[in-house]
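Worksheet: the structure to be examined is printed underneath.
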Amino acid sequence: MASLAGCLTGEEESENTLEVLHGWTGGDGAEAADALFSAFEEEHSDVDLNNKPIGGGGNENLDQTVSTRLNSGDPPSAFAGWPGSNLEQYDGVLGDIQSDVWEEAGLEDAHVEEAVEACQFDDGYSAVPIGSHRMNDLFYNVGVLEDAGVDPESLDDVDALIDALGTIESETDATPLAMSLEAWAILQTWTVVMLSTQGYDAYMSFIEGDGDESAVRDTFETLEELLSNYINDDAASVGFTEVNQDIMSGDAAFIHEGNWVAGAYINEDLEYGEEWDAIRYPGTEDMYGLHIDSFIYPGDNPSPEATATFLRFAGGETAQVAFNQYKGSIPTRSDVSTEEFNDYLTETIEDFEAASEKPPTLAHGLAVDQSTQSSLEDVLNNNFADPFDVDAATAGFMDAI
Numbered sequence: 571m572a573s574l575a576g577c578l579t580g581e582e583e584s585e586n587t588l589e590v591l592h593g594w595t596g597g598d599g600a601e602a603a604d605a606l607f608s609a610f611e612e613e614h615s616d617v618d619l620n621n622k623p624i625g626g627g628g629n630e631n632l633d634q635t636v637s638t639r640l641n642s643g644d645p646p647s648a649f650a651g652w653p654g655s656n657l658e659q660y661d662g663v664l665g666d667i668q669s670d671v672w673e674e675a676g677l678e679d680a681h682v683e684e685a686v687e688a689c690q691f692d693d694g695y696s697a698v699p700i701g702s703h704r705m706n707d708l709f710y711n712v713g714v715l716e717d718a719g720v721d722p723e724s725l726d727d728v729d730a731l732i733d734a735l736g737t738i739e740s741e742t743d744a745t746p747l748a749m750s751l752e753a754w755a756i757l758q759t760w761t762v763v764m765l766s767t768q769g770y771d772a773y774m775s776f777i778e779g780d781g782d783e784s785a786v787r788d789t790f791e792t793l794e795e796l797l798s799n800y801i802n803d804d805a806a807s808v809g810f811t812e813v814n815q816d817i818m819s820g821d822a823a824f825i826h827e828g829n830w831v832a833g834a835y836i837n838e839d840l841e842y843g844e845e846w847d848a849i850r851y852p853g854t855e856d857m858y859g860l861h862i863d864s865f866i867y868p869g870d871n872p873s874p875e876a877t878a879t880f881l882r883f884a885g886g887e888t889a890q891v892a893f894n895q896y897k898g899s900i901p902t903r904s905d906v907s908t909e910e911f912n913d914y915l916t917e918t919i920e921d922f923e924a925a926s927e928k929p930p931t932l933a934h935g936l937a938v939d940q941s942t943q944s945s946l947e948d949v950l951n952n953n954f955a956d957p958f959d960v961d962a963a964t965a966g967f968m969d970a971i
């Protein structure tokens, strides 16, 4: 029998080829992506899948590739990206999948309100959520803290954390706080420090353009104390995956990251509670720092039917379990069983439901548009990546927002 491809015209073959771009190439992401796309191929063997991973920290290479493809009139079928304000940069080039995906698959009732709202764009829907990361975790190596005599549960504010970092520095050979000085990494740490020291309302006022300069300055002063005294010497030249290796090896005590780093611990079979653990960043115990990953639908789509099939799948339970259990994230569906998730992720799901506040991430497209985020990162690159200029950084942040 002739193959299906041999029976199709070039145009028909192209329409049946699903090209998905994403940035999950290592660490927490590669195994999660493999699980997701393998599950899709198992259910939809009739679709010719061409999944293209594009590496690079903070999705920078992926974003550039997507931008080039969209601007040249050569869109992929779908691409991984952040929803919310991040979608504004694609105004005029996204399609509406409200009818073919959201309504047909019943996604509005299945997903949490925050994810539904984030995927809405231009009076319709242009994205489907695949999972959510929590942005206010402080991960740690259990053995290092035990050697230093630090009780993580006693850390109820940033002053207590700073005291603990000093103790770790004096009592062990480990780096107290593992850190990369990439601009996006500083921005996400600035966010959690502001939430911790200034509170939810001050943070929300800031991202809405009505921030208090003294609150911004206080946040930078606290962050300067942390970054000037307690981070690794090579912070300016390493990425977060490298410094996270120091947590796993016992060469560092704490790291603040989204819980994609938990995906790395899970995939390395490290024992939760025995080798690694996490607390909420001191002062944010009742919050869930909200981050959402999604797949975005370009207009003028090269494979509309195959793409709709994939996006309906991505919003379903099978995909959300397959992906998130390895990614260190949680499903945005509210009806997913926790049976396949480890204790840490099960607790994260419970915390999402119980959180009193869910501040949107500033460093990953939910809180501000891409242009504003880039301006904030430029301020940090120019003024707060060692040396740390509090005055210039404060003025820059106020101007950017």
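Going letter by letter, the sequence shown gives residues 571 to 971 in the numbering used here. Glycine included, every Cβ here is placed at the ideal spot set by N, Cα and C. If you're wondering where the values come from, they're calculated on a predicted model, not measured in any experiment.
- Task: Starting from the C-beta of A785, find all residues in its chain whose C-beta is less than 6 Å away, skip the five residues before and the five after it, and write them out in chain order.
- Result: Answer for A785: Q768, A772, listed in chain order.
- Message: Tell me which residues share the same chain as A889 and place their Cβ nearer than 8 Å to its Cβ, disregarding the 5 neighbours each side in the sequence.
- Response: Here the set comprises L606, A609, F610, I700, F883.
- Task: Please say whether V728 and T638 have beta carbons closer to each other than 8 Å?
- Result: In terms of Cβ geometry, T638 and V728 do not form a close pair [threshold 8 Å].
- Message: My output table needs one value for L708: the three-state DSSP class, helix, strand or coil.
- Response: Three-state DSSP puts L708 in a strand.
- Task: Determine the extent of the alpha helix (DSSP H) in which G966 is found, giving its start and end residues.
- Result: Element bounds for G966: 960-970.
- 7 Å CB neighbourhood of E783 in its chain, flanking five on each side removed: Same-chain partners within the cutoff: T964, M968.
- Message: Here's a check: name, in chain order, each residue in its chain whose Cβ is nearer than 6 Å to the Cβ of F790, leaving out the five neighbours to either side.
- Response: For F790, where only same-chain residues beyond five positions count, the Cβ hits under 6 Å are V960, A963, T964.
- Message: Going by DSSP in three states, N871 sits in which element: helix, strand or coil?
- Response: DSSP places N871 in coil when its eight states are reduced to three.
- Message: Taking its Cβ as the centre, do 16 or more other Cβ atoms sit within 10 Å of D856, making it buried, or is it exposed?
- Response: Exposed, by the Cβ-count rule.
- 7 Å Cβ shell around P746 - same chain, five flanking residues per side excluded: Sequence-distant Cβ neighbours of P746 in its own chain, meaning closer than 7 Å and more than five residues away, are L735, I738, E739, Y800, A823, F824.
- Task: Tell whether a beta-carbon distance below 8 Å holds between A688 and G662.
- Result: No; because the gap between Cβ atoms is not below 8 Å, this pair is not in contact.
- Item | Which residues DSSP lists as bridging A848, in chain order | Paired residues: F709.
- Message: For M774 and I971, what's the separation of their Cα atoms in angstroms?
- Response: Roughly 12 Å between the two C-alpha positions.
- Task: With DSSP as the reference, label M749 as helix, strand or coil.
- Result: Coil.
- Message: At the level of alpha carbons, what is the spacing between D616 and A925?
- Response: Spanning the two alpha carbons is a distance of roughly 42 Å.
- Query: Would you say the stretch 617-624 touches the stretch 901-917, given that touching needs at least three Cβ pairs under 8 Å?
  - Reply: Touching, no, given that fewer than three Cβ pairs across the two stretches are closer than 8 Å.
- Item | For I866, the first and last residue of its enclosing beta strand (DSSP E) | In the DSSP annotation of this structure, the continuous segment of the beta strand (DSSP E) that includes I866 starts and ends at 860-866.
- Message: Would Y858 and D921 be called neighbours here (beta carbons separated by less than 8 Å)?
- Response: When the beta-carbon positions are compared, Y858 and D921 come within less than 8 Å of each other.
- Query: Roughly how many angstroms lie between the CA atoms of E927 and E601, to the nearest whole one?
  - Reply: Between E927 and E601, the C-alpha separation is close to 31 Å.
- At which residues does the alpha helix (DSSP H) containing N953 begin and terminate? Taken as a continuous stretch (DSSP letters only), the alpha helix (DSSP H) holding N953 covers 940-953.
- In chain order, which alpha helix (DSSP H) runs of at least 4 residues are fully inside the stretch 866-917? Fully enclosed alpha helix (DSSP H) runs of 4 or longer: 874-884, 887-897.
- Query: Grouping DSSP H, G and I as helix and E and B as strand, with all else coil, what is A650?
  - Reply: Here A650 carries a strand assignment [DSSP, helix/strand/coil].
- Helix or strand or just coil, what does DSSP make of V720? Collapsing the DSSP output to three states places V720 in coil.
- Query: Near G966, which residues of its chain fall below 7 Å by C-beta distance, leaving aside the five closest residues on each side in sequence?
  - Reply: The answer, listed in chain order, is V949, N953.
- Message: Let me confirm a value: S556 is counted as buried when at least 16 other C-beta atoms fall within 10 Å, else exposed. Which label applies?
- Response: Shown here, the chain extends from 571 to 971; a query on residue 556 therefore has no answer.
- In chain order, which continuous runs of the alpha helix (DSSP H) of length 4 or greater are located wholly inside the stretch 814-843? Those alpha helix (DSSP H) runs which fall completely within the stretch 814-843 and span 4+ residues are 830-837.
- Can you tell me the Cα-Cα spacing of E613 and D743, whole angstroms? Computed Cα separation, rounded: 50 Å.
- Message: Considering only their Cβ atoms, is the gap separating D863 from A648 smaller than 8 Å?
- Response: Taking C-beta atoms as the reference points, A648 and D863 fail to come closer than 8 Å.
- Tell me whether Q768 sits in a helix, a strand or coil according to DSSP, three-state version. In the structure shown, Q768 sits in coil (DSSP, three-state: anything other than H, G, I, E or B).
- 8 Å Cβ cutoff, F893 in contact with chain C: Absent here is chain C; the protein component of the structure consists of one chain.
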